[in-house]
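Visitor:
There are 2 protein chains.
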Amino acid sequence: MDIIEKLPTVKRLMRQLQQVPFLASKNMYRVMSYFLKLDNERIDQLCRVLQDIKKDVSFCNRCFVWQETSLGCLFCDDSHRDQSQICVVESWQELLVIERTEGYRGLYHVLGGVISPLDGIGPSDLYIEQLINRITSGVSEVILAMNQTPEGEATAAFVARKLKGTAVKVSCLAKGVPIGSNLEFIDRLTVSKALADRKPF
Amino acid sequence: MDIIEKLPTVKRLMRQLQQVPFLASKNMYRVMSYFLKLDNERIDQLCRVLQDIKKDVSFCNRCFVWQETSLGCLFCDDSHRDQSQICVVESWQELLVIERTEGYRGLYHVLGGVISPLDGIGPSDLYIEQLINRITSGVSEVILAMNQTPEGEATAAFVARKLKGTAVKVSCLAKGVPIGSNLEFIDRLTVSKALADRKPF
C-alpha cells in the first residue's frame, strides 16, 4: 500500500491537485511538497485569490473572453477595437498568443474548445451558435484561428460551413514554414503546403 | 501591454500560480483556465485542504518525513520497521519511490535537499547534523540513496565523511544499467561503471 494512503490530509491535497491539468504525476509530488511547505500567510493569499476570481471574474457573454466583471469586456467594450473583424479562437490561451503579436485590432470569439466526438464534444457544446448570432451587418470578416490539429481543422471547417449563408468574408491563418525554422526539421506536409502556397519574393 | 495587466484578479491568480514549481509558462494559462472555471464548491474544497495541511500535517522531528501530526511518524513510530537501518534521501519524493519497491523495511532520514553552492545551499541548510545525532548504538547501517547527480553525489560524499568516525556501516545504491534498458541508449559512464562492478551470473 502506498504510504499516501496512510496520510489522509496529504491524500486529500493530492486528490485536489490530481485534477489540475498539466501536473504530470512525476512532478505532482514536488508540487505537493511546495504546498505542504507554504506558510499560513501564503495559503491565505492563495485561498483569497481563488475566492475572488469567483466573485470578480466572469465570461463576456458576447465573445466569451474572461473579464473583470466590474471593468467590462476588454474587447467588446473598447471602441478603439475594429468592430468589423472577429477572430475565432479555441480558448483564452490562443487569444493571448494573438494579442501578443500586437498585429490584430479586431474583436474575438472564444469557442470554448473544439469538436471532438471521441471526447463527446459536439458543436452544441461550443459557442458556435453564439458566433453565428453575432454576424450582423457591422461584421465584415471572420478569421478562423484554430490550432492546426485534426480537431481544430474540423471545427474550422464546421464553422466555415455555418457561415456560408452570411455575407461575411471567412479567412484563416496562413500555413507554411515557421520563421527561423530549418527546412530539414519541418514535416513534409508543411513543406508541401508552403510550396503550394508560395508567394512572390 | 499584455492583456493580463488589465485583469487585476486574474493577474493575482497568475502571480500565485507562477510560484508553483513545474508549471511551465506554456501550460500556466491552461492551469489558470482550470482554476477560473472551478465552481464555488470545488474552490472551497481546495481552500479547506490547504488550510488543513497547515493544521494537521507536519515533519517528524526525527526523520523529517511528512506525518499526520495526530497519527505520529509512519516510520519512526512503527515497531515493525527495522530500527537499525536508516536510508538517507534528498526529499519525500525519493522516499516514495523506495517505499513503492516494497523491498525496504528500515527507517528513513530526509535531508531536505542537496549541497549546492551555486544555489547557496550548504550542509547547515540540510538535516545532516540531525542525521549524525541519530547514529546511536542501535543503528548498524546508513544507506545513502541520493540521486545520481553531481550535487547528489557530492552530498553523499559529505555525509559519508561525516559518518566516518562512527561504527555504522555506510552503503549506497548499486550503479549500473537499468533493468529493461538497451545498452545502445545508455551513456558511456554508466556502461563502464556496470562493467567494472560486474557480478557473477
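Listed in order, the protein sequences are those of chains B and D.
No gaps in the numbering here: position 140 of the first sequence is 140 in the numbering used here, and each next residue is one more.
No gaps in the numbering here: position 181 of the second sequence is 181 in the numbering used here, and each next residue is one more.
Even glycine gets a Cβ: it sits at the ideal position worked out from N, Cα and C.
Remember, it's a predicted structure, so these values are computed and weren't measured experimentally.
Answer with buried or exposed for Ile179/B, where buried requires no fewer than 16 other C-beta atoms within 10 angstroms of its C-beta.
Guide: Translated into positions along the first sequence, residue 179/B becomes position 179. Counting Cβ neighbours within 10 Å, Ile179/B comes out exposed, since fewer than 16 surround it.
Visitor: Can you check whether the CB of His109/B is closer than 8 Å to the CB of Phe59/B?
Guide: Mapped onto the first sequence, residue 59/B falls at position 59. Mapped onto the first sequence, residue 109/B falls at position 109. No, they are not a contact pair.
Visitor: Should Arg30/D be flagged as near chain B, meaning a C-beta pair shorter than 8 Å?
Guide: What you label residue 30/D is simply residue 30 of the second sequence in a count that begins at 1. Closer than 8 Å: yes.
Visitor: Quick one: measure Cβ to Cβ for Val168/D and Ile135/D, integer angstroms, because I've assumed they're closer than 8 Å.
Guide: Position 168 of the second sequence holds residue 168/D. Position 135 of the second sequence holds residue 135/D. So it is a contact: roughly 5 Å between Cβ atoms.
Visitor: Work out the CA separation of Glu153/B and Leu195/B for me, nearest whole Å.
Guide: If you number the first sequence from 1, residue 195/B lands on position 195. If you number the first sequence from 1, residue 153/B lands on position 153. Approximately 20 Å, taken between the alpha carbons.
Visitor: Take Tyr104/D as the anchor and find which of Ser70/D, Ile3/D, Ser84/D, Leu13/D has the nearest alpha-carbon.
Guide: Here the question's residue 104/D lines up with position 104 in the second sequence. Here the closest residue by C-alpha is Ser84/D.
Visitor: Determine contact between the stretch 150-165 of chain D and the stretch 108-126 of chain D, defined as no fewer than three beta-carbon pairs at a distance below 8 Å.
Guide: yes
Visitor: Could you say if the stretch 144-153 of chain D and the stretch 111-124 of chain D meet the contact criterion of at least three C-beta pairs nearer than 8 Å?
Guide: With a cut-off of 8 Å on Cβ pairs, the stretch 144-153 of chain D is in contact with the stretch 111-124 of chain D, counting three or more such pairs.
Visitor: Using a Cβ-Cβ cut-off of 8 Å, state whether Lys6/B counts as contacting chain D.
Guide: The residue labelled residue 6/B in the question sits at position 6 within the first sequence. Yes, because at least one Cβ of chain D sits closer than 8 Å to the Cβ of Lys6/B.
Visitor: Of the choices Leu163/D, Val10/D, Arg62/D, Gln51/D, whose alpha-carbon is the least far from that of Val57/B?
Guide: Taking the first residue of the first sequence as position 1, residue 57/B is located at position 57. With distances taken between Cα atoms, Val57/B lies closest to Val10/D.
Visitor: Which residues of chain B have a Cβ atom closer than 9 Å to the Cβ of Val89/D, listed in chain order?
Guide: Here residue 89/D refers to the residue found at position 89 of the second sequence. Result: empty, since nearest Cβ-Cβ is about 12 Å, beyond 9 Å.
Visitor: Measure from the C-beta of Pro21/D to each C-beta in chain B and report whether the shortest distance is under 8 Å.
Guide: The sequence position of residue 21/D within the second sequence is 21, counting from 1. Chain B, which has a Cβ nearer than 8 Å to the Cβ of Pro21/D, makes this yes.
Visitor: Note down, in chain order, each residue of its chain lying with its Cβ closer than 6 Å to the Cβ of Ile143/D, except the 5 sequence neighbours on either side.
Guide: For the purposes of this step, residue 143/D is taken as the residue at position 143 of the second sequence. Its chain contains Cys87, Ser171 as the residues whose beta carbon lies nearer than 6 Å to that of Ile143/D, once the 5 sequence neighbours on both sides are disregarded; these appear in chain order.
Visitor: By DSSP's criteria, Val57/B is part of a beta bridge. Which residues make up the other side?
Guide: As a first step, residue 57/B is located in the first sequence; it is residue number 57 there, counting from the start. Glu68/B.
Visitor: Can you give me the C-alpha to C-alpha distance between Leu71/D and Ser33/B, rounded to a whole angstrom?
Guide: Taking the second sequence and counting its residues from 1, one reaches residue 71/D at position 71. Taking the first sequence and counting its residues from 1, one reaches residue 33/B at position 33. Straight-line Cα distance between these residues: approximately 19 Å.
Visitor: Please check if any C-beta of chain B sits within less than 8 Å of the C-beta of Arg100/D.
Guide: The residue you call residue 100/D lines up with position 100 of the second sequence. Closer than 8 Å: yes.
Visitor: Thinking just about the alpha-carbon of each residue, which of Gln16/B, Glu94/B, Arg15/B, Asn133/B is nearest to the one in Gly165/B?
Guide: Counting from 1 along the first sequence, the entry for residue 165/B is found at position 165. Cα-wise, what sits closest to Gly165/B is Asn133/B.
Visitor: Under 6 Å Cβ to Cβ from Ile186/B, same chain only, skipping five residues before and after it: list those, please.
Guide: As a first step, residue 186/B is located in the first sequence; it is residue number 186 there, counting from the start. Cβ neighbours of Ile186/B beyond the five flanking positions: Val177.
Visitor: Using a Cβ-Cβ cut-off of 8 Å, state whether Ser33/B counts as contacting chain D.
Guide: Residue numbering aside, residue 33/B sits at position 33 when the first sequence is read from its first letter. Ser33/B counts as touching chain D.
Visitor: In the DSSP assignment, find the beta strand (DSSP E) that holds Gly106/D and state where it starts and stops.
Guide: For this step, residue 106/D is matched to residue 106 along the second sequence. Residues 106-110.
Visitor: Closest to Leu38/B by CA distance: which of Ser140/D, Gln93/D, Leu74/D, Pro21/D is it?
Guide: Your numbering for residue 38/B matches position 38 in the first sequence. When each option's Cα is compared against that of Leu38/B, the closest is Pro21/D.
Visitor: Suppose you measure from the CA of Leu36/B to the CA of Ala145/D; what does that come to, to the nearest Å?
Guide: Translated into the one-based positions of the first sequence, residue 36/B becomes position 36. Translated into the one-based positions of the second sequence, residue 145/D becomes position 145. Rounded to the nearest angstrom, the two C-alpha atoms are 23 Å apart.
Visitor: In the DSSP assignment, what residue or residues form a beta bridge with Glu141/D?
Guide: If you number the second sequence from 1, residue 141/D lands on position 141. Paired residues: Gln85/D, Lys169/D.
Visitor: Could you give the distance in angstroms between the alpha-carbon of Asp82/D and the alpha-carbon of Asn147/D?
Guide: Position 82 of the second sequence, counted from the start, is the residue given in the question as residue 82/D. Position 147 of the second sequence, counted from the start, is the residue given in the question as residue 147/D. Whole-angstrom Cα-Cα distance: 23 Å.
Visitor: Tell me, please, whether the CB atom of Val57/B is closer than 8 Å to any CB atom in chain D?
Guide: Position 57 of the first sequence, counting from 1, holds the residue named residue 57/B. Chain D, which has a Cβ nearer than 8 Å to the Cβ of Val57/B, makes this yes.
Visitor: My parser needs the alpha helix (DSSP H) runs of 4 or more residues fully inside the stretch 13-40 of chain B; what are they?
Guide: 25-37
Visitor: Under the assumption that Val31/B contacts Leu17/B (Cβ atoms under 8 Å), give the Cβ distance between them as a whole number of angstroms.
Guide: As a working note, residue 31/B is residue 31 in the first sequence. As a working note, residue 17/B is residue 17 in the first sequence. The Cβ separation is near 6 Å, so the contact holds.
Visitor: Are the C-beta of Lys54/D and some C-beta of chain B separated by less than 8 Å?
Guide: Counting from 1 along the second sequence, the entry for residue 54/D is found at position 54. Chain B contact via Cβ: present.
Visitor: Rounded to a whole number of angstroms, what is the C-alpha to C-alpha distance between Gly138/D and Glu5/B?
Guide: If you number the second sequence from 1, residue 138/D lands on position 138. If you number the first sequence from 1, residue 5/B lands on position 5. Using only the alpha carbons, I get a separation of about 29 Å.
Visitor: Indicate whether Lys175/D and Lys199/D have their beta-carbon atoms separated by less than 8 Å.
Guide: Position 175 of the second sequence, counting from 1, holds the residue named residue 175/D. Position 199 of the second sequence, counting from 1, holds the residue named residue 199/D. No, these two residues do not count as a Cβ contact at 8 Å.
Visitor: Kindly indicate if chain B contains any beta-carbon less than 8 Å away from that of Glu41/D.
Guide: In the second sequence, the residue the question calls residue 41/D occupies position 41. No, its Cβ sits nowhere closer than 8 Å to a Cβ of chain B.
Visitor: Hey, how far is the Cα of Leu163/D from the Cα of Leu131/D?
Guide: To locate residue 163/D, count along the second sequence from 1; it is residue 163. To locate residue 131/D, count along the second sequence from 1; it is residue 131. Roughly 9 Å between the two C-alpha positions.
Visitor: Please list, in chain order, the residues of the stretch 163-186 of chain B that have any C-beta partner in chain D closer than 9 Å.
Guide: Going along the stretch 163-186 of chain B in chain order, one finds no residue with a Cβ nearer than 9 Å to chain D.
Visitor: Compare the C-alpha of Leu7/B against each of Trp92/D, Trp66/D, Gly122/D, Ile98/D and name the closest.
Guide: Working through the first sequence from its first residue, we reach residue 7/B at position 7. When each option's Cα is compared against that of Leu7/B, the closest is Trp66/D.
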